[in-house]
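In UniProt numbering, the protein residues as written are 1 to 112. Where is the CB? At the ideal position from N, CA and C, for every residue including glycine. First the structure, in the form of structure tokens, and then the observations on it.
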Amino acid sequence: MLLPETQSAVLVPTNTMAKNDAADWIGQLLVEILLDSPVRNDYEKPATVISMRAVEKYKELEINVEEGRSGAHPFRKLSEYIGKYVGFGGIFSIEIVEGEKGLEILFQARES
């Protein structure tokens, strides 16, 4: 965000999305400080509530995935999924490799 009146800018880089939009909130907090805002937002309470909701959503997702499993083996051999998948004009890649316990996924060719 550019703030010409203070000859400053606020940039909050991130490479992941957390349980909430922390990068946005950090940016808002920095703008409040830069502009010496007399009204300050309370970020702690909404961050806590939204974080708990996000955890609940992941639990719901896990339940839905488990309920949707058929119990049958995969229709294809796992080795057929191995490979590199590239998208977005070549700037994003997902690689499926065989690991000790089954298939593993690598984002941008990085091991997790």
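Starting from Y58, trace the alpha helix (DSSP H) in both directions and tell me its first and last residue. Counted from its first residue, the sequence shown places residue 58 at position 58. Y58 -> alpha helix (DSSP H) spans E44 to G68.
So what does DSSP say about F88, is it helix, strand or coil? As a position in the sequence shown, residue 88 is number 88, starting the count at 1. Reduced to three states, the DSSP call for F88 is helix.
Which class does T72 belong to by DSSP, given the choice of helix, strand or coil? Within the sequence shown, numbered from 1, the residue matching residue 72 stands at position 72. Here the sequence assigns Ala to residue 72, which means Thr is not the residue at that position. Three-state result, A72: coil.
How many Å lie between R69 and A109 at the Cα? Within the sequence shown, the letter at position 69 stands for residue 69. Within the sequence shown, the letter at position 109 stands for residue 109. A direct Cα-Cα distance of roughly 29 Å separates R69 from A109.
Close beta carbons around T14, own chain, < 7 Å, minus the five adjacent residues each side: Here residue 14 is taken as the residue at index 14 of the sequence shown, counted from 1. Closer than 7 Å at the Cβ level, and outside the excluded window around T14, lie A23.
Considering only the alpha carbon of each residue, which of S93, V65 and K101 lies closest to residue 127? One cannot answer for residue 127 here, as it falls past the ends of the chain, which runs 1 to 112.
In angstroms, rounded to a whole number, what distance separates the CA positions of D36 and R53? Numbered from its first residue, the sequence shown carries residue 36 at position 36. Numbered from its first residue, the sequence shown carries residue 53 at position 53. Here the alpha carbon of D36 sits roughly 32 Å from the alpha carbon of R53.
Beta-bridge partners of R110, as assigned by DSSP: Reading the sequence shown from its first residue, position 110 is the one you call residue 110. Beta-bridge pairing links R110 to F107.
Which residue from N20, K19 and L34 puts its Cα closest to that of L11? By one-based count along the sequence shown, residue 11 stands at place 11. For L11, the nearest C-alpha among the options comes from L34.
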